[in-house]
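Here the structure is laid out as structure tokens; the discussion comes afterwards.
There are 2 protein chains.
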Amino acid sequence: MPSISINDLQFAARFEGITGSAIREIFKLIAQPGMISFAGGNPSAAMLEDALIADIARDVLLRDGKRILQYGGTEGWPALREQVSAFLAGLGVAAAPEAILPTTGSTQGLDLLLKALVNPGDTVLAENPSFLGAFQAMRLYPARIVPVATDADGVIPEALEEAIRAHRPKLIYLIPTFQNPTGVTLTLERRKAVAALAAKYGVPLSEDDPYRDLRYRGEALPPIHSFDDSGFVVYLISFSKLIAPGMRVGAVTAPPALLRKLTIGKQSADTHMDQLAQAIVAEYLARGLLPGHLETLRSLYGAQLSRMLAHLDGMGLAHTVPEGGLFIWAKLPEGMDALQVLEKAVERRVAFVPGTHFYADGGHPEAFRLNFSNSSLEQIDQGMAALAETLRG
Amino acid sequence: MPSISINDLQFAARFEGITGSAIREIFKLIAQPGMISFAGGNPSAAMLEDALIADIARDVLLRDGKRILQYGGTEGWPALREQVSAFLAGLGVAAAPEAILPTTGSTQGLDLLLKALVNPGDTVLAENPSFLGAFQAMRLYPARIVPVATDADGVIPEALEEAIRAHRPKLIYLIPTFQNPTGVTLTLERRKAVAALAAKYGVPLSEDDPYRDLRYRGEALPPIHSFDDSGFVVYLISFSKLIAPGMRVGAVTAPPALLRKLTIGKQSADTHMDQLAQAIVAEYLARGLLPGHLETLRSLYGAQLSRMLAHLDGMGLAHTVPEGGLFIWAKLPEGMDALQVLEKAVERRVAFVPGTHFYADGGHPEAFRLNFSNSSLEQIDQGMAALAETLRG
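Chains A and B supply the protein sequences, listed in that same order. Using my numbering, you'd call the opening residue of the first sequence number 2 and step up by one each time. Using my numbering, you'd call the opening residue of the second sequence number 2 and step up by one each time.
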């Protein structure tokens, strides 16, 4: 019998070509002190309310600790489902508590949707470019990702309809508000149009909307979900960008039969979510703390966005002009490659994410994504100056 | 164009025949006040240290809140990885912090292993009977489950070897200590034998060991992992039964290439785990609180186990005699069906889990599982009396 080495272990086919998130790898690269990071999508550390959360954690444990610490339902912490229901109502999304499944960030919401809907080799449609973490989740099913053209108004409905007809997708994945990576917001007319397409063709559309409350200018637009009567639009939210990413609390709302599949999928994935984080977020919302905190976030991040846009204009680089969110999408001068520029930029202690990672089909070496939430005005001045120097060579 | 209803939505093939965890459904059934539950695997509410955890939560947030509340690594909270490394060393499992991936309970550890190793239709070997939640996770890949014969000493190595040769499985799943559902512990010789089989045939063996520290009599046995030099034995632990299930903190240790796949799989599943729960468990372990707490648990649960065994003897029912854990496995008198008995028992305010759910291939209507950790001595007296009455008709 030949001896078998663990190094010869064969992994499942779904891992073929999967190398891990480029962003999470960049995180490690930039974990050095003194680095100014325009990479990640981290909230400002100053906006993380550690003392407040410490008090809330203690309060909920002293009040409900026996229940919080015991096994709970896969369906989620009841008070959180109620609070999310009220939160969604404020956005124009009608969802009873029973129609809501808390998830570990919206990441888990998408993963559970893929599990419920996608057979190996099925097609998922996504904006081009889109969130690379979502691509990785799709590829592990393994889904075929068909990118759909976008412009300054978001995904183009005609292109989406053509792709639906051509590819008969099992899921459409959109980030309509302050999109990751572009910062672009889908217009009102297009929101109505894509809701109608999901209904017309009977294709579930996952509306991933974690940034919508981070609006610094302009008028809020209703979610795509609010234009849908068919049930095919599934709404995903996250409190990661609004309260604290480290607690990983998000939620999904979907029609009963689909929600049941998501719940069964979650049973097998983790039995249920940590109930302490759920109880903390529920209490935070119940105390009415979110609106005031969002005002503070908007004021801070809005100023940081303006500052970064001014630097980009000063550098003469083409870029999107987001009205909110966490990201600006920009282009290097012709002939430059963001992967190469990043290497040199890191030597000057500034980092960003090369845009090619956000295209399902690669390419676009000139594009790059900048985050402005996690850097102070001074850091933005310093980092953008370092970036300008890098570009000058 | 025909109108398409959300009710006609087609789900992925992996959900065919999947109806959700029978135990989680029983949980809902028994959530009525006054019900004595020998179902679930819940710790005693009296053993959940809510005031202590409240203090620890506050302490870690006041000390490390900015880091806890920010995005973190998929690889897990560094202090938890260190504490788990030390904890495992105490069990004879050598694993550096970098070789450990914190997971949402051991449930997620198994799910990630399946994701890393199993293609649709591949075979997984499991004890017969075994944990039904694990079966559901396997079926969603979808894996073919081949049950392997067990006896009063645990899984039978000769049967395991035969099944390996016949089915070329991608994974072997064992719960060697105080097994769920039988309470049986794999003997020392068999631990060595199954470790050797995993190495000989190059098949990953997931050793799910959440109960091992809940030993009330007899001598602790080393994990299967401690007899493995090949790297094919993957060790899964959970602090759910030891500290608190509601925080969902477990961990897996595996060789580097496999751990990398688990980590990439986790990136897509949830980006990373709630860091507050990880930090609380790390601090609990760092303060050296676990040994004393385990003594208290053992004293309480040991007495409850003895009381329940005495009742079973008094009722003349065949049953296992576990030396620890949370479960006793028993048999109804010939001709009785546990599914039917459960319905009548619930009317008398006592519940258990019918054994058929724990057999991958069904059958065995006479078997049932009793939990003793979540009921006081008085509740055990009362509930077993109600069960005896139910059996008398």
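Just so it is clear, CB atoms sit at the ideal spot from N, CA and C, and this is done for glycine as well. The structure presented is a predicted model; accordingly, all values stated were derived computationally and were not measured.
Legend entry - Alpha-carbon to alpha-carbon, residue 175(A) and residue 110(A): The residue you call residue 110(A) lines up with position 109 of the first sequence. The residue you call residue 175(A) lines up with position 174 of the first sequence. If I take the Cα positions, the gap works out to 13 Å.
Inset, instruction - Give the range of the alpha helix (DSSP H) segment to which residue 241(A) is assigned. - result: As a working mapping, residue 241(A) is identified with position 240 in the first sequence. Element bounds for residue 241(A): n/a, residue is neither H nor E.
Legend entry - Residue nearest to residue 63(B) in terms of C-alpha spacing, selected from 228(A), 166(A), 131(A), 52(A): Mapped onto the second sequence, residue 63(B) falls at position 62. Nearest C-alpha to residue 63(B): 52(A).
Legend entry - Cutoff 9 Å: residue 2(B) Cβ touching any chain A Cβ: As a working note, residue 2(B) is residue 1 in the second sequence. Unreliable placement is indicated for residue 2(B), whose pLDDT of 47 sits below 50; no coordinate value is reported for it.
Inset, instruction - List the DSSP bridge partners of residue 78(A). - result: Numbered from 1 along the first sequence, position 77 holds the residue referred to as residue 78(A). DSSP output for residue 78(A) lists no bridge partner at all.
Legend entry - Cut-off 6 Å between Cβ atoms - residues of its own chain near residue 327(B), not counting five sequence neighbours on either side: Sequence index remark: in the second sequence, residue 327(B) carries index 326 (1-based). Residues 42, 372, 374 of the same chain have their beta carbon placed closer than 6 Å to that of residue 327(B), with the five preceding and five following residues left out of the count.
Inset, instruction - List the residues of chain B whose Cβ lies closer than 8 Å to the Cβ of residue 273(A), in chain order. - result: Walking along the first sequence from the start, residue 273(A) turns up at place 272. Residues of chain B passing the Cβ test: 249.
Inset, instruction - Assign residue 95(A) to buried or exposed, taking buried as 16 or more other Cβ atoms, counted over all protein chains shown, within 10 Å of its Cβ. - result: If you number the first sequence from 1, residue 95(A) lands on position 94. Burial call: exposed.
Inset, instruction - Return the chain-ordered list of same chain residues with a C-beta closer than 6 Å to the C-beta of residue 389(A), the five sequence neighbours on each side being excluded. - result: As a first step, residue 389(A) must be located in the first sequence, where it is residue number 388. So the list reads 316, once near-sequence residues are dropped.
Legend entry - When 101(A), 273(A), 229(A), 345(A) are compared against residue 394(A), the one with the closest alpha-carbon: Taking the first residue of the first sequence as 1, we reach residue 394(A) at position 393. Taking only the C-alpha atoms, the option nearest residue 394(A) is 345(A).
Legend entry - beta strand (DSSP E) runs wholly inside the segment 290-344 of chain A, at least 3 long, in chain order: 328-332
Inset, instruction - Classify residue 37(A) as helix, strand or coil using the three-state DSSP reduction. - result: Within the first sequence, the letter at position 36 stands for residue 37(A). Reduced to three states, the DSSP call for residue 37(A) is strand.
Legend entry - Unbroken beta strand (DSSP E) run spanning residue 382(B), endpoints: Here residue 382(B) refers to the residue found at position 381 of the second sequence. Under the DSSP assignment, residue 382(B) falls outside any beta strand (DSSP E), being part of the alpha helix (DSSP H) whose first and last residues are 378-393.
Inset, instruction - Closer than 7 Å by beta-carbon distance: list the chain B residues that pair up with residue 259(A), in chain order. - result: Here residue 259(A) corresponds to residue number 258 of the first sequence, with the count starting at 1. Those are 10, listed as they occur along chain B.
Inset, instruction - Pair every Cβ in the segment 188-201 of chain B with every Cβ in the segment 295-312 of chain B, then say whether three or more of these pairs are closer than 8 Å. - result: Contact fails: fewer than three Cβ-Cβ distances are below 8 Å.
Inset, instruction - Go ahead and pull the three-state DSSP assignment for residue 202(A). - result: Sequence index remark: in the first sequence, residue 202(A) carries index 201 (1-based). In the structure shown, residue 202(A) sits in a helix (DSSP, three-state: H, G or I).
Legend entry - chain A residues whose Cβ lies nearer than 7 Å to that of residue 59(B): Taking the second sequence and counting its residues from 1, the one referred to as residue 59(B) is at position 58. Under the 7 Å cutoff, chain A gives 55, 58, 59.
Legend entry - Residue of 182(B), 272(B), 148(B), 245(B) minimising C-alpha distance to residue 285(B): Here residue 285(B) corresponds to residue number 284 of the second sequence, with the count starting at 1. Of the listed residues, the one whose Cα sits closest to residue 285(B) is 245(B).
Legend entry - Closer than 9 Å to chain A by CB, residue 119(B): Taking the first residue of the second sequence as 1, we reach residue 119(B) at position 118. Yes, contact with chain A.
Legend entry - Within chain A, the residues that residue 73(B) reaches when beta carbons sit closer than 9 Å: Looking up residue 73(B) in the second sequence gives position 72. Under the 9 Å cutoff, chain A gives 246, 247.
Legend entry - Other residues of its chain near residue 339(A): CB distance less than 8 Å, five sequence neighbours each side excluded: By 1-based counting over the first sequence, the position of residue 339(A) is 338. The beta carbon of residue 339(A) sits closer than 8 Å to the beta carbons of 333, 353, 355, 356, 357, 366, 367, 368, 369 from its chain, once the five residues preceding and following it are set aside; these are given in chain order.
Legend entry - Boundaries (first-last residue) of the beta strand (DSSP E) holding residue 369(A): In the first sequence, counting from the first residue as 1, residue 369(A) sits at position 368. Where residue 369(A) is concerned, the enclosing beta strand (DSSP E) stretches over 368-372.
Inset, instruction - Confirm, please, whether the CB-CB distance from residue 265(A) to residue 104(B) is below 9 Å. - result: As a working mapping, residue 104(B) is identified with position 103 in the second sequence. As a working mapping, residue 265(A) is identified with position 264 in the first sequence. Contact: no.
Inset, instruction - Could you tell me which of 149(A), 48(A), 124(A) sits nearest to residue 168(A), measuring between CA atoms? - result: Residue mapping note: residue 168(A) aligns to position 167 of the first sequence, counting from 1. Of 149(A), 48(A), 124(A), the residue nearest in Cα terms is 124(A).
Inset, instruction - If I'm right that residue 78(B) touches residue 182(B) with Cβ under 8 Å, what's the distance once you round it to whole angstroms? - result: Locating residue 78(B) in the second sequence gives position 77, where the first residue counts as 1. Locating residue 182(B) in the second sequence gives position 181, where the first residue counts as 1. Under the criterion of beta carbons closer than 8 Å, residue 78(B) and residue 182(B) do not qualify as touching, at roughly 32 Å.
Legend entry - Cross-strand partners of residue 216(B) (DSSP beta bridge): Counting from 1 along the second sequence, the entry for residue 216(B) is found at position 215. Partner(s): 325(B).
Inset, instruction - Would you list, in chain order, the members of the segment 309-333 of chain A that have their beta-carbon closer than 9 Å to a beta-carbon of chain B? - result: none
Legend entry - Pairwise C-alpha distance: residue 214(A) and residue 308(A): Taking the first sequence and counting its residues from 1, the one referred to as residue 308(A) is at position 307. Taking the first sequence and counting its residues from 1, the one referred to as residue 214(A) is at position 213. Their Cα atoms are separated by approximately 20 Å.
Legend entry - Host beta strand (DSSP E) of residue 103(B) (start-end): Reading the second sequence from its first residue, position 102 is the one you call residue 103(B). It spans 101-105 - the beta strand (DSSP E) in which residue 103(B) sits, taken as one unbroken run.
Inset, instruction - Could you tell me whether the Cβ atoms of residue 152(B) and residue 274(A) are closer together than 9 Å? - result: To locate residue 152(B), count along the second sequence from 1; it is residue 151. To locate residue 274(A), count along the first sequence from 1; it is residue 273. No, the pair does not count as a contact, with Cβ atoms beyond the cut-off.
Legend entry - residue 17(A) (DSSP reduced to helix, strand or coil): Counting from one through the first sequence, the residue named residue 17(A) turns up at place 16. Residue 17(A): coil per DSSP, three-state reduction.
Inset, instruction - Measuring alpha carbon to alpha carbon, tell me which of 278(B), 83(B), 5(B), 163(B) ends up nearest residue 148(B). - result: Position 147 of the second sequence holds residue 148(B). With distances taken between Cα atoms, residue 148(B) lies closest to 163(B).
Inset, instruction - From the DSSP output, in three-state form, read off residue 125(A) for me. - result: Translated into the one-based positions of the first sequence, residue 125(A) becomes position 124. In this structure, residue 125(A) counts as strand in the three-state DSSP scheme.
Inset, instruction - Compile a chain-ordered list of the residues in the segment 263-287 of chain B whose CB is closer than 8 Å to at least one CB of chain A. - result: 264, 265, 266, 268, 269, 270, 271, 272, 273, 274, 275, 276, 277, 278, 281
Legend entry - Residues sharing a beta bridge with residue 236(B), DSSP: As a first step, residue 236(B) is located in the second sequence; it is residue number 235 there, counting from the start. According to DSSP, residue 236(B) bridges with 208(B), 254(B).
Inset, instruction - Look at the Cβ atom of residue 50(A), then the Cβ atom of residue 277(B), and state whether they are nearer than 9 Å. - result: For the purposes of this step, residue 50(A) is taken as the residue at position 49 of the first sequence. For the purposes of this step, residue 277(B) is taken as the residue at position 276 of the second sequence. In this structure, residue 277(B) does not lie closer than 9 Å to residue 50(A) by Cβ.
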